[in-house]
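Mapping the sequence shown onto our numbering, position 311 (from 1) lands on 317, and the numbers just tick up by one. The structure appears below as structure tokens.
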Amino acid sequence: MPVFHSGNSTPKKQTPQRVRQTPSSMFAVQRIAARSEERNVSKAKDFSRPKRCTSPFHMSCSCPSIVEAVDRVPNAFMASLRNYDQPKKRERSVSSDRRTPRTPMSPTSTSECAVVVSVRMRPFNAKELEEPNVSSLIQMDSKSNSVYVTDANKVTRKDEFQFDNIFNGINDQEHIYNTLGKRVLEVALEGYNACLFAYGQTGSGKTYSIMGTNDSPGIIPRFGEDLFKRVSKNPNCDVEMSYFEIYNEKIHDLLSNEKKKKSLRVREDPSIGPFVENLLSRKVKCNEEFQSYISDGNKRRATAATEMNERSSRAHAICQINIIQKNVERIGNEDIDTILMSKVNIVDLAGSERASAVNATGERLKEGVSINKSLLTLGKVLTQLAERSTQPSRSAFVPYRESVLTWLLKESLGCNSRTFMLATISPVTSYIDETLSTLRYACQSRNIVNVVRVNEASSVLKIRQLMQEIKVLKEQQKEFDVWKKEKSKLGEKRELIKKYQVEVEELKHMLDVAKEKLEQKANEATSSS
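Below is the structure:
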């Protein structure tokens with residue numbers, strides 16, 4: 007049991023006693039008490055404890071026997087001696103081990119979340135259906151969320167991939183949003199950063215899934231509509247948005263009204279991570295305003311016709327939505343203004359393609375090289391993050407800065423963000439190599455684990471931490487008070503034990519004196535007779 011002293015005081019020097027205060031002497035008194043009780047019950051003989059003297063002179067002797075002396079000790083004290091045991095070692099607690107870390111409150115805690123990967127296979131288009139013997143080597147099993155790649159005879163399965171969700175040509179845009187987009191919105195309103203990006207070959211349906219059409223809106227339009235339905239219930243919620251593209255490794259603001267596109271630079275802040283310098287951020291108050299900004303930005307996107315797609319995206323488009331929620335929360339006895347800040351990135355990646363497959367030349371070839379470079383870097387980043395998650399002991403270097411795309415998505419890939427990946431594939435047999443590459447990257451991305459936390463304002467976070475510290479200190483004080491009370495009771499028992507130890511020694515001495523007197527009188531009686 008530890009002994010606490012005040013900061014400036016020193017422990018008092020104990021006055022030596024006739025009997026040392028040690029556990030052995032304490033237990034010796036305990037044994038004496040137990041033996042005396044046994045003697046009273048069984049009348050057993052003990053060479054060290056003689057019976058009452060049977061001498062004719064005994065009645066005149068005023069010295070009590072050792073048994074009577076022990077019997078003078080209160081019964082309650084004897085019971086406490088019999089039940090006394092050495093104090094057990096206290097288990098380590100917050101008060102006895104300062105190295106024990108505090109348990110943080112939920113808003114400050116972190117959790118590990120794996121990347122959610124979904125696959126969508128588009129149906130055959132009208133041009134593909136005109137070809138003879140149209141068929142696909144891709145099979146999907148909705149029960150196990152598996153994708154199979156078969157041989158030409160569709161008998162043997164060569165490759166099998168399993169994902170979190172799979173969508174075939176039957177699933178409509180609303181089903182895609184309810185499965186993915188709504189989850190992104192929910193985690194964002196909880197205060198987490200979120201990212202959803204579409205990855206796949208040119209013409210596989212990425213832009214259709216993200217943007218959609220007027221008749222069949224995609225994830226972003228539905229996200230905006232659903233977002234403002236939710237935030238309309240909270241008047242203290244602000245929404246800001248930015249919309250930009252990465253074209254040939256250069257960033258262009260899609261919300262800028264300037265006729266000539268200006269290249270923007272990427273900076274990195276230690277607290278918020280990479281960001282685009284001088285990027286316009288529009289404050290949005292309603293869904294109509296949000297849809298208007300998206301529509302204007304789409305008109306400025308870099309697109310071109312290729313042999314694989316009549317309107318192919320030639321740049322990566324990123325819609326960035328910042329949600330700031332202000333609420334009043336009761337913390338302790340005070341009402342504190344809490345602020346949750348979440349950032350959502352919805353990314354429509356340009357499609358990977360082979361120059362020979364699209365007969366690209368000139369500007370289209372340059373664009374294709376830039377697109378493939380950034381997607382190749384993205385693939386390397388995904389590979390390194392997957393290896394780092396599956397092999398924690400390995401410190402793999404993640405080449406975020408090899409591409410503007412991966413640099414800007416650094417927080418979404420392997421850092422503080424709930425990440426969702428939608429891999430789009432084509433059913434066409436001639437593109438099976440690109441399809442397999444997409445499926446392999448997507449399957450590998452399922453191994454990536456992000457460490458996420460709720461983004462709360464630093465002032466509120468500090469208040470929570472201080473409140474938690476106060477709570478821990480109160481628990482420590484409570485435990486210390488209990489320990490102090492137990493220590494006080496133990497000290498009283500020890501003082502009582504020392505008192506009775508002294509009395510026992512005095513009684514022993516009196517017994518020895520009485521024995522000597524009895525022997526002396528017995529000798530005198532014998533000699534006189």
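Glycine included, C-beta positions come from ideal geometry on N, C-alpha and C.
CA nearest to the CA of residue i, picked from the options
i: Gln297; options: Ser269, Ile225, Lys349; result: Ile225
i: Ser124; options: Phe426, Glu136, Leu442; result: Phe426
i: Asn151; options: His181, Ile172, Tyr214; result: Ile172
i: Cys449; options: Glu118, Phe167, Gly374; result: Phe167
i: Ile327; options: Asp147, Thr435, Leu285, Lys239; result: Leu285
i: Glu294; options: Phe234, Arg271, Phe281; result: Phe234
i: Ala308; options: Gln474, Lys256, Glu393; result: Lys256
i: His181; options: Ile216, Val272, Tyr154; result: Ile216
i: Asn456; options: Leu524, Glu137, Asn422; result: Asn422
i: Ser287; options: Ala204, Glu440, Cys325; result: Cys325
i: Lys305; options: Leu261, Glu335, Arg459; result: Leu261
i: Pro192; options: Val460, Gln526, Lys521, Gln474; result: In the sequence on display, residue 192 carries Glu and not Pro. Among Val460, Gln526, Lys521, Gln474, the Cα nearest to that of Glu192 is on Val460.
i: Asn139; options: Arg126, Asn159, Gln483, Ala194; result: Asn159
i: Val458; options: Ser148, Val510, Ala194; result: Ala194
i: Gly537; options: Val510, Glu335, Thr389, Val434; result: Outside the modelled stretch of the chain, which goes from 7 to 535, sits residue 537, for which no answer is possible.
i: Phe203; options: Asn184, Lys149, Leu384, Pro280; result: Leu384
i: Ser142; options: Thr441, Val122, Leu524; result: Thr441
i: Asn453; options: Lys133, Asn131, Phe169, Glu134; result: Phe169
i: Ser248; options: Lys266, Gly303, Gly218, Arg271; result: Gly303
i: Asp165; options: Gln145, Asn184, Lys149; result: Gln145
i: Tyr183; options: Asp157, Glu246, Lys521, Tyr214; result: Tyr214
i: Ser432; options: Val478, Lys505, Ser358; result: Ser358
Straight-line Cα distance separating residue j from residue i
i: Lys188; j: Phe486; result: 50 Å
i: Cys292; j: Ser301; result: 15 Å
i: Val508; j: Arg500; result: 12 Å
i: Lys332; j: Asp244; result: 8 Å
i: Phe53; j: Asn529; result: For Phe53, the predicted structure reports a pLDDT of 39, less than 50, and the residue's modelled location is therefore unreliable. A value from the coordinates is still provided. Roughly 22 Å between the two C-alpha positions.
i: Glu231; j: Ser319; result: 24 Å
i: Thr412; j: Val387; result: 8 Å
i: Leu391; j: Leu419; result: 8 Å
i: Asp178; j: Pro129; result: 11 Å
i: Ala402; j: Lys490; result: 52 Å
i: Thr208; j: Leu472; result: 53 Å
i: Ala120; j: Arg424; result: 8 Å
i: Leu354; j: Ile342; result: Reading off the sequence shown, one finds Asp at residue 354, where the question assumed Leu. For Asp354 and Ile342, the distance between alpha carbons rounds to 39 Å.
i: Ser535; j: Leu517; result: 27 Å
i: Val153; j: Ser277; result: 40 Å
i: Leu502; j: Val488; result: 21 Å
i: Leu381; j: Ile329; result: 29 Å
i: Tyr437; j: Glu274; result: 38 Å
i: Ile377; j: Gly206; result: 12 Å
i: Leu496; j: Gln483; result: 20 Å
i: Lys416; j: Ser494; result: 59 Å
i: Gln474; j: Thr116; result: 16 Å
i: Thr430; j: Ser210; result: 6 Å
i: Glu373; j: Lys265; result: 21 Å
i: Leu428; j: Ser148; result: 16 Å
i: Glu522; j: Leu513; result: 14 Å
Exposure of residue i, with buried meaning 16 or more beta-carbon neighbours within 10 Å
i: Ala321; result: buried
i: Ala531; result: exposed
i: Val410; result: buried
i: Lys212; result: buried
i: Phe229; result: buried
i: Asn220; result: exposed
i: Val519; result: exposed
i: Asn89; result: Only weak support is given to the placement of Asn89: the predicted model assigns it a pLDDT of 46, under 50, and the question is left unresolved by the model.
i: Leu481; result: With the sequence shown as reference, residue 481 is identified as Glu, and Leu is not the correct amino acid for it. When all chains shown are included, Glu481 counts as exposed.
i: Leu186; result: buried
i: Asn351; result: buried
i: Ser515; result: Reading the sequence as shown, one finds His at residue 515 and not Ser. So His515 ends up on the exposed side.
i: Thr444; result: buried
i: Ser533; result: exposed
i: Val334; result: exposed
i: Asp259; result: buried
i: Arg394; result: buried
i: Pro405; result: exposed
i: Leu371; result: exposed
i: Leu479; result: exposed
Residue i: CB within 6 Å of a non-hydrogen atom of the ligand FAD
i: Ala520; result: No copy of the ligand FAD occurs in the structure displayed, which carries no ligand at all.
For the structure I just gave you, are there three or more beta carbon pairs, one from the segment 338 to 358 and one from the segment 186 to 205, closer than 8 Å? yes
My parser needs the alpha helix (DSSP H) runs of 4 or more residues fully inside the segment 348 to 417; what are they? 361 to 364, 368 to 396, 410 to 414
Does the segment 250 to 263 touch the segment 234 to 241, meaning 3 or more C-beta pairs lie closer than 8 Å? no
Start-end ranges of the beta strand (DSSP E) lying completely within the segment 165 to 191, minimum 3 residues: 171 to 173
Jot down the residue ranges of each uninterrupted beta strand (DSSP E) in the segment 275 to 324, minimum 3 residues, whole runs only, in chain order. 279 to 282, 288 to 290
Ignoring anything shorter than 3 residues or poking outside the segment 189 to 215, list the beta strand (DSSP E) runs there in chain order. 200 to 206
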